[in-house]
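Okay, so the sequence shown: first residue is 8 according to our numbering, each after it adds one. Glycine residues also receive a C-beta, built at the ideal position from the N, C-alpha and C atoms. Treat the numbers as computed from the prediction; the structure is a model and nothing was measured. In what follows, a structure is listed as structure tokens, so that the remarks can point back to it.
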Amino acid sequence: PSGRDSFLPGCVAARSPALASALAPPPSSASKKVVVREGDDVVALYQDGYFYRGTVSEVKMSDSGASFRVKWSDGDDPSWVEAHNVALVSRVPPLCEMASGTRVLALWQGSVTVEDNDSEEEVWFAAEVVGEGRGAEELSLRWIDGGELFEAPPEAIRTFVSSIAAPLELRTRSGKSERGEGGASGCARGGARGGTAGRSKPSKRSRDAAEAGAEEAAADEALLAAAMAELRDAWRGAAPAEGPEARLQVDAQGVPGLHVATDVLSSAEVEALRTVLGAHRAWVQVTYGAAGRYHDLTSAAERVDFCPAEAEAEAEGEGSRLEGSRMWPLDETHAELLRLVEGRLRAVFAPTGLWGGAAPADGPAAVVPNALQLTRVSAFNHIANHYDVRDMWKEGIATLAWSELPTEGELRGEAFSLCMQLGAKKAGRRTVQVPLPPGSAYVLTGASQGATRTCSLRHVGRAACSCCWTHGVTLSGPARVSRQSLTLRALADDESDSDSEAEGGGGGGGDEPLASDGA
């Protein structure tokens, strides 16, 4: 590639004691295990000398270390790449892996001219860590093939598998694995079996914690108990009589089935919810949207999912890999959290008929949410437009959102935008940006949710169509703090459940025939 006509200026700075301490490798006993498995998205070195997007289809060990057979996203024939030239897309490296002199991959901030004079964005190039940057959380780096200095946050950097300091494990799609004591040199030897790199829809799988590589608990129980006590004290009930009054917009900005409400949460409630999310430990990073060669590499979020024990986590985005992660059982504490939020959302969105009305009912139109998703998106990232699995959820997906930290003018944090798109192809695609302040909530129903029963083509999974809207999230730029959210959904009872007539809350086009062309 050519055409790097600009670069982000950087500086060489003496390392502060705080950063030096952070860069010191942690004890191996305190390191969180890193699992590399067949099906993981990677950026790897191709034979032309540049780095491209791909998927691990096989793993093996030799005397020289670990190697990965990469199935390239653009269709080139798979090839083997050694660990020192492979980086995991979804893993943001800790500072201890980015000491001065470390070779890394960094995300180019701008467009790059490639073959046939095409312009591409979000491309990874090899770089070397120089030291601490001028920003509080940035590092100074130097492009290896050009020498220019620049600065980048950890979210825009990936370390190679060979330099991962934590204990590593190679896992085949069959689930067989062996563990190493640290670094790629300690990876499993032998036993790697090839397999298909991807699939269009997740299958039902075991909840076995050992098989999933899960931690012992989703949250620190003591911290969570204290956080829930704080939330109970701050919570104003389902229909608050004091504090800010929620303001509802039905079919917001002309998008059928999209309902938004502002001032759903008070500042005290947001502060308590921050503490609740802060008590959780089992965050899994996922990528959203397209799995092409270059695009959407910064579209990522961290999640913790809860649902009835027989269900599984939904993997957002076709390129996502949640193999081996678990959807945590909805225990008593998280069920209480879900019910508190559900009551508020039912009251605020009662005019839309969300989940059958303001209170749970026993009739056929009643829907009771049983899946809770905690999400956080760093200031550097966004969530690309996507469908939630069309045949996995009942009618009505509701989200509450705020920022991880307060800002000078707003205790609940920074604003964000909900991006709605209609049209499967770029040509003629309609995009609607819906700006929302922190403490807001939005509900997807009907055409904006795009469930199978709504789609004129009855599409399942994440198959694109022209009649349903996709949704994504962008942070107001330049964003300074991370976005946090809670999402409530109801799992479909069986394979045909989401393909049935509306279970309630279909306001905004859910029950009307839709045009055959659009998102």
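Within-9 Å CB hit, residue i to chain C
i, result
"Ala-246", "The chain inventory of the structure shown lacks chain C, comprising one protein chain alone."
Residue i - DSSP class collapsed to helix/strand/coil
i, result
"Met-427", "strand"
"Gln-456", "helix"
"Trp-362", "helix"
"Leu-493", "strand"
"Glu-278", "helix"
"Ala-233", "helix"
"His-91", "helix"
"Pro-161", "helix"
"Gly-285", "helix"
"Ser-181", "A caution first: Ser-181 carries a pLDDT of 47, below 50, which makes its placement in the model too unreliable to give a value."
"Gln-54", "coil"
"Ala-246", "coil"
"Leu-272", "coil"
"Leu-156", "strand"
"Arg-239", "helix"
"Ser-473", "coil"
"Gly-261", "helix"
"Ser-463", "coil"
"Ser-169", "helix"
"Glu-421", "coil"
First and last residue of the uninterrupted alpha helix (DSSP H) at residue i
i, result
"Thr-340", "339-355"
DSSP beta-bridge partners of residue i
i, result
"Gln-440", "Cys-426"
"Ser-387", "Ser is not the amino acid found at residue 387; the sequence shown has Phe there. Partner(s): none; Phe-387 has no beta bridge."
"His-478", "His-393 and Met-427"
"Val-41", "Leu-175"
"Ser-48", "As written in the sequence, residue 48 is Asp, which differs from the Ser given in the question. Paired residue(s): Thr-62."
"Pro-101", "Its beta-bridge partners do not exist; DSSP assigns none."
"Ala-307", "Thr-294"
"Pro-336", "Cys-314"
"Lys-67", "Ser-74"
"Val-267", "Gln-256 and Tyr-449"
"Trp-400", "Leu-498"
"Ala-226", "His-287"
"Ala-378", "Arg-496"
"Ser-86", "Val-77"
"Arg-110", "Glu-135"
Exposure label - residue i; buried when at least 16 CB within 10 Å
i, result
"Trp-87", "exposed"
"Thr-461", "buried"
"Ala-440", "The sequence shown places Gln at residue 440, rather than the Ala named in the question. Looking at its Cβ environment, which holds fewer than 16 other Cβ atoms inside 10 Å, Gln-440 is exposed."
"Ala-226", "buried"
"Leu-429", "buried"
"Pro-358", "exposed"
"Pro-247", "buried"
"Thr-269", "buried"
"Gln-380", "buried"
"Leu-527", "An answer regarding residue 527 cannot be provided, because it is not within the stretch 8 to 526 covered by the chain."
"Ser-71", "exposed"
"Ile-164", "buried"
"Asp-81", "exposed"
"Gly-10", "Per-residue confidence for Gly-10 stands at a pLDDT of 33, beneath the threshold of 50, marking its modelled position as unreliable; the derived number appears in the next sentence. It is exposed - the Cβ of Gly-10 has fewer than 16 other Cβ atoms within 10 Å."
"Thr-438", "exposed"
"Arg-487", "exposed"
"Lys-78", "buried"
"Lys-527", "As shown, the chain starts at 8 and ends at 526. That puts residue 527 outside it, with no answer to give."
"Ser-69", "exposed"
Opening and closing residue of the beta strand (DSSP E) in which residue i lies
i, result
"Ala-405", "404-410"
"Arg-165", "164-166"
"Ser-147", "146-150"
"Lys-78", "72-79"
"Trp-115", "No beta strand (DSSP E) contains Trp-115, which DSSP labels as neither H nor E."
"Gly-138", "131-139"
"Leu-451", "447-451"
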